[in-house]
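Undergrad: Be aware that the sequence shown starts at 1, since it is given in the UniProt record's numbering, and climbs by one per residue.
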Amino acid sequence: MIPRIENLPEKKLIGIRLQTSIINNKTHELWRSFMPRRGEIQNQISSDLFAVQIYEPSYFEDFNPSAVFEKWATLEVTNFNNIPAEMESFTLSGGLYAVFELKGHDIAIFDYIFRTWIPNSKYDLDSRPHFEILGAKYKKDNPNSEEEIWIPIKEKL
């Protein structure tokens, strides 16, 4: 699986966040609270959902499935005017990303990305947010679902 490499411009996002971990995964709780309210967000650029993860810089060096990270459920917007109650703005910094297309729900793709692709590529993992774009072809719990996984990268020195 070969990703496409993209230089992403900065994006403005509005949504809900929480602290979670692999062991104590609260992803379902996050999206259950966000999805019924997503229509409250004004100035949406599209209906694509952004699932954003923010990790501490050492998260992948000393991987621990109980280590906590921040997870966001968001939509992209043109501006931060009129942020709904109990939601927050988030600016996704731009930069270089490896974009992997996932069909189905095979989480083994993450093992491939971090243990095979990155070590054998001309890139290192960068310490910026990771995210997935859940677009029109995303279908929750459906084996035909499609999404994009965006991994922040930088050229190896």
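Yeah, the Cβ is synthetic: ideal placement off N, Cα and C, and Gly gets one too.
Less than 8 Å between the beta carbons of Lys12 and Phe110, yes or no?
TA: In the sequence shown, the residue the question calls residue 12 occupies position 12. In the sequence shown, the residue the question calls residue 110 occupies position 110. Going by C-beta atoms, Lys12 is not nearer than 8 Å to Phe110.
Undergrad: Can you look up Leu157 in the DSSP assignment and give me helix, strand or coil?
TA: Translated into positions along the sequence shown, residue 157 becomes position 157. If DSSP states are grouped into helix, strand and coil, Leu157 belongs with coil.
Undergrad: Whose C-beta lies closer than 7 Å to the C-beta of Pro57 among residues of the same chain, with five residues either side of it excluded?
TA: Translated into the one-based positions of the sequence shown, residue 57 becomes position 57. The residues are Ser127.
Undergrad: Would you call Pro9 buried or exposed, if buried means 16 or more other Cβ atoms sit within 10 Å of its Cβ?
TA: Here residue 9 refers to the residue found at position 9 when the sequence shown is read from its first residue. Per the 10 Å Cβ criterion, exposed.
Undergrad: If you reduce the DSSP assignment to three classes, tell me which class Asn120 lands in.
TA: Position 120 of the sequence shown, counted from the first residue, corresponds to residue 120. DSSP places Asn120 in helix when its eight states are reduced to three.
Undergrad: Quick test of your reading: Ala85 and Gly15, contact by CB under 8 Å. State the CB separation rounded to the nearest angstrom.
TA: Start at 1 with the first residue of the sequence shown, and residue 85 comes out as number 85. Start at 1 with the first residue of the sequence shown, and residue 15 comes out as number 15. Not quite, the Cβ-Cβ distance comes to about 13 Å (not below 8 Å), so this is no contact.
Undergrad: Considering only DSSP beta bridges, list what Lys140 is partnered with.
TA: As a working mapping, residue 140 is identified with position 140 in the sequence shown. Looking at the DSSP assignment, Lys140 forms no beta bridge with any residue, so it has no partner.
Undergrad: Does the stretch 33-51 come into contact with the stretch 132-151, if we say contact requires no fewer than three beta-carbon pairs (one atom in each stretch) closer than 8 Å?
TA: These segments touch.
Undergrad: From which residue to which residue does the beta strand (DSSP E) around Glu76 run?
TA: On the sequence shown, position 76 is the one that residue 76 refers to. Element bounds for Glu76: Phe69 to Val77.
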